[in-house]
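Q: I am attaching a structure below and will ask some questions about it afterwards.
See below:
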């Protein structure tokens, strides 16, 4: 009877946000299996397998380096927009965290629809699906991050990395909360309004330029006046990317505001995302 | 404590233009205007509980909310109102292979799918081999699932689901996928789970399975729960509701109940089915194909408590069958007629009553015997008794001390071609078949447009083996003349002669035959009516099925024997080469005597098929006698001068192994012309003298 009561299912409790954590803890095995399933399946038929996780960001970096370093670099320099050409490490440091956000949000938003066969037929905590999609992208982030470290070490030597490296887990934790919260919110909305999926693509494309990836934050602060700059800094990724750069490239503790602002946004996103998702989760199957 | 509680559950969906259209109904615009969108109610006020070990069936027409209810139980979605509680782990067989990732191997997917169903790898390891064995995937186990056929995919999914040992099984029409073999396996497995006391909630359109599997049935109609009594009551209600009962009627007598269901009749006695599962139905042969009445489109015309009048349009024949079924006391009276839209060739038709193989004995035409066993090698039907065209009464009997009652059938037909047959069916069907069958000669096989009365079959379920035995005796007595120790029994164109309980005649016994059209036409091939008996006199008429003549035999007791008079009724003029009346005797008869000579029957020549005359003198005579050392002598004598007979003694062929006394009438070249009308064909005496015996050496001539 104890075993049965542990498995008891009551339809009334399904939308209760307080049950998110116990539900997820109870089905952590399922989360692991679903993530593992996606990873194996993703790289099974690719000849280079996990190598793609390295090659992808490096190729992307090479393209950006070519465009902004060589094609446009001269023009920008001539117009006095840039003091120096962006370096490979500089680009990679912006690109790796951004790619994680972009890919995780894109996958997360569509994850429920892609797993609709499962959702329509079996009961399990629905959070698993977007969570698994986001966790999946961690692998790429991790591989990209190691590549970044290798680039830094090759350029500046091992000593270039120092105390700043220890700040990275905190910065990443904030980013992860942000991504997860957004993924939960967007995936739930996307089930009801498929328009959300398209909007996410557009916003991500815009976000790529509204985030200091191929230019330094200093360039924005020098050209935008107070109000517009504050507006720009509402973009949590602008703060986070700059924080990554300060920690990794400048090897200093990031400015507190660069962490505080995205932390507030991330916590809000996670709370709203989790509650909205949970409220919608029990009836998702009706709308898929 | 119930395993599943469903309390006042309602479920409604918002009507939508399509999934997630921002500007469509139910989109942002309406959201902002606070306009309530229309809702569709799928379920309303559903309440029931399922106790552990119960099997609950959910039936209902399409769109009645069956699948929604199952989804609520599975936790896939939640009710709009009310509450669903499930205390235990649920495995739904409604998602065979859901969560299979096409790129992963079968092995990986087994673990993954089990995990989705809530079972960890340790538990899967324990039953992994069973899962693989049940699915029959074999060597494909380590291939990606997207290389599987859809059948393998479903098999693997089913295997995982049934081996995860959940507390509740939800089954939704899974039995309609996969090949026949797999479906049977699924059914068997679900039956096993049922026997193991697993709790099963079963959604199906297959009412047969629901009926046999579930001990409670919930009927949903337009989202409401209608009936939840016994499965039978619920299913009956459902059938009536959806109008399928247009072809179904149940009618009953005191203890007998019959269901006419779309051209198939099942009979129940004291709530037990006494017909075989395939029931009773008709089959019609046309253009080399058998058409079953159960394949037709049936409508019940009259519903009475103990009567059912129905007609069924055959699917691929321009024929409508009309049945009038009545239960009178313990009898089922089945009247069948056939209406043809145009001329149809029907060389053969039958009404097949399939009875359970627990019946082991038969009674056919007054003779009783045992059915052969039905063996696994029996691919077709095998006859239990040689078919007799004249047989109008037959019975199938259970062994003694069986709770089954015998079935006595009586056939009446305006067509001369119907007779009763007894057979074993093939091994798979495994039943005793009591058939009223007609094989029509080519000249009569075309049924003209219009209505044809076929037959009336009376099946009596109220007899006991004893009453049938008495009935057999009485029936035999009806056609037997007893004269001291002599008994002469008319048996379908033959007269069997017995003395002191020992039968003297053999094979064809006393019979008559006519040669015309280069063929001997025996009296045994005629279609004989029931004999009429007055005192010590029997009169019986037989019709030829192929030629325009009839015979009436008058059999009467005479001193030391019986007198036989055969009258020929000619309906159309015919030419006959010759004819005879003969007694076929047991081979113990060794000597013969005629008016002109006497002698011994020669030995039988091995392999010889012809009949050989033993006498030399071929002149008209009056009588012939056969003698034996162990049996009474028997004499065939003519008592009329109107026609001249040659009395001869003949040996039959080697296999028939019998002696013959024959009264042959032959014009001696040329033909006899019979005009329309009646004529005496043969008139004579068969006498038995127990005192005359053959004394082997001295009787030698």
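Residue numbers (our numbering), protein chains in the order written: chain P, 13 to 300; chain W, 904 to 1604. The beta-carbon is built from N, C-alpha and C at its ideal position, and this holds for glycine as well.
Within a Cβ cutoff of 6 Å, which residues of the same chain sit near residue 907 of chain W, ignoring the five residues on either side of it in sequence?
A: Within the same chain, residue 907 of chain W has close Cβ partners 953, 989.
Q: Among P:119, P:80, P:233, which has the Cα closest to the Cα of residue 317 of chain P?
A: The shown model of chain P, from 13 to 300, leaves out residue 317 of chain P, and the question about it has no answer.
Q: So the candidates are P:244, P:190, P:182; which of them puts its Cα closest to the Cα of residue 286 of chain P?
A: That would be P:190, whose Cα lies nearest to the Cα of residue 286 of chain P.
Q: Is there at least one Cβ from chain P nearer than 8 Å to residue 1025 of chain W's Cβ?
A: It does not: the Cβ of residue 1025 of chain W has no partner Cβ on chain P nearer than 8 Å.
Q: Flag this pair as touching only if the segment 195-210 of chain P and the segment 116-131 of chain P have three or more C-beta atom pairs under 8 Å; answer yes or no.
A: Touching, yes.
Q: Distance cutoff 8 Å, beta carbons only. Does residue 172 of chain P sit that close to anything in chain W?
A: Output row for residue 172 of chain P: interface = no.
Q: Identify, in the order they occur along the chain, each residue of the same chain with its Cβ nearer than 7 Å to the Cβ of residue 100 of chain P, setting aside the five sequence neighbours on each side.
A: Excluding sequence neighbours, residue 100 of chain P sits near 73, 77, 163.
Q: Residue 1386 of chain W: which of W:981, W:1074, W:1458 sits nearest, CA to CA?
A: The residue with the shortest Cα to Cα distance from residue 1386 of chain W is W:1458.
Q: For residue 1251 of chain W, which residues does DSSP report across the bridge?
A: Residue 1251 of chain W is bridged to W:1188, W:1342.
Q: Assign residue 1463 of chain W to one of three DSSP states: helix, strand, or coil.
A: Looking at residue 1463 of chain W - three-state DSSP - the assignment turns out to be coil, as it is neither helix nor strand.
Q: Is residue 121 of chain P close to chain W, meaning its C-beta is less than 8 Å from at least one C-beta of that chain?
A: So, not an interface residue.
Q: Taking three-plus beta-carbon pairs below 8 Å as touching, is the segment 1125-1140 of chain W in contact with the segment 1333-1352 of chain W?
A: Segments in contact, no.
Q: I need the straight-line Cα distance from residue 1371 of chain W to residue 1311 of chain W, nearest angstrom please.
A: In a straight line, the C-alpha of residue 1371 of chain W is about 8 Å away from that of residue 1311 of chain W.
Q: Got a sec: which bits of the segment 19-51 of chain P sit with their beta carbon under 7 Å from any beta carbon on chain W, in order along the chain?
A: Within the segment 19-51 of chain P, the qualifying residues are 19, 20, 21, 22, 23, 24, 26, 41, 42, 45, 49.
Q: If you follow the beta strand (DSSP E) that residue 118 of chain P is in, where does it begin and where does it stop?
A: From DSSP, residue 118 of chain P is part of no beta strand (DSSP E) but of the alpha helix (DSSP H) over 100-126.
Q: Count the other CB atoms, across all protein chains shown, that sit within 10 Å of the CB of residue 224 of chain P; report buried if there are 16 or more and exposed otherwise.
A: Answer is buried; the Cβ neighbour count reaches 16.
Q: Note down the Cα distance separating residue 1408 of chain W from residue 1478 of chain W, rounded to an integer number of angstroms.
A: Each residue's alpha carbon lies about 31 Å from the other.
Q: Does residue 995 of chain W get closer than 8 Å to chain P when you measure Cβ to Cβ?
A: It does; some Cβ of chain P falls within 8 Å.
Q: For the alpha helix (DSSP H) containing residue 1438 of chain W, name the first residue and the last one.
A: Neither: residue 1438 of chain W is in no alpha helix (DSSP H) and is coded neither H nor E.
Q: According to DSSP, which residues form a beta bridge with residue 1223 of chain W?
A: According to DSSP, which records beta bridges pairwise, residue 1223 of chain W is partnered with W:1216, W:1242.
Q: Using a Cβ-Cβ cutoff of less than 6 Å, which residues in the same chain neighbour residue 1442 of chain W once the five nearest sequence positions on both sides are dropped?
A: For residue 1442 of chain W, where only same-chain residues beyond five positions count, the Cβ hits under 6 Å are 1435, 1457.
Q: Could you confirm whether any beta carbon from chain B is found closer than 8 Å to the beta carbon of residue 56 of chain P?
A: In the structure shown, chain B does not exist; the protein chains are P and W.
Q: Per DSSP, what kind of secondary structure is residue 20 of chain P in: helix, strand or coil?
A: Of the three classes helix, strand and coil, the one that applies to residue 20 of chain P here is strand, per DSSP.
Q: So residue 1552 of chain W and residue 1592 of chain W are in contact, right, with Cβ under 8 Å, and what is the actual spacing, rounded?
A: That belief does not hold up - the Cβ atoms of residue 1552 of chain W and residue 1592 of chain W are roughly 17 Å apart, past 8 Å.
Q: Does any residue of chain W have a CB that is nearer than 8 Å to the CB of residue 248 of chain P?
A: Not closer than 8 Å to any Cβ of chain W, the Cβ of residue 248 of chain P fails to qualify, so no.
Q: Checking contacts by CB at 8 Å: is residue 297 of chain P closer than that to chain W?
A: Yes, residue 297 of chain P counts as interfacial toward chain W.
Q: Verify whether the separation of the beta carbon atoms of residue 1431 of chain W and residue 1293 of chain W is less than 8 Å.
A: Going by C-beta atoms, residue 1431 of chain W is nearer than 8 Å to residue 1293 of chain W.
Q: Quick check on residue 1135 of chain W: buried or exposed, where buried means 16 or more other Cβ atoms within 10 Å of its Cβ?
A: That one is exposed.
Q: Among residues of its own chain, excluding the 5 on either side of residue 1521 of chain W, which ones have a beta-carbon nearer than 8 Å to its beta-carbon?
A: Answer for residue 1521 of chain W: 1549, 1551, listed in chain order.
Q: Give the straight-line distance between the Cα atoms of residue 51 of chain P and residue 66 of chain P, rounded to the nearest whole angstrom.
A: Computed Cα separation, rounded: 15 Å.
Q: Nearest CA to the CA of residue 1381 of chain W: which residue from W:1438, W:1164, W:1331?
A: Of the candidates W:1438, W:1164, W:1331, the one whose C-alpha sits nearest the C-alpha of residue 1381 of chain W is W:1438.
Q: Which residues, in chain order, does the segment 152-182 of chain P contribute to contact with chain W at a C-beta distance below 9 Å?
A: Hits within the stretch: zero.
Q: Report whether the distance from the Cβ of residue 43 of chain P to the nearest heavy atom of the ligand ADP is below 7 Å.
A: What this structure holds is no ligand at all, so the ligand ADP is not there to describe.
Q: Determine contact between the segment 1241-1252 of chain W and the segment 1205-1222 of chain W, defined as no fewer than three beta-carbon pairs at a distance below 8 Å.
A: Contact between the segment 1241-1252 of chain W and the segment 1205-1222 of chain W is present, because at least three Cβ pairs lie under 8 Å.
Q: I want to verify the contact list: residues of chain P whose CB lies under 9 Å from the CB of residue 978 of chain W, in sequence order.
A: By Cβ distance, chain P contributes 21, 23, 26, 134, 135, 136, 294.
Q: Mind checking which residues open and close the beta strand (DSSP E) that includes residue 1308 of chain W?
A: Looking at the DSSP string, residue 1308 of chain W is not in any beta strand (DSSP E), and its letter there is neither H nor E.
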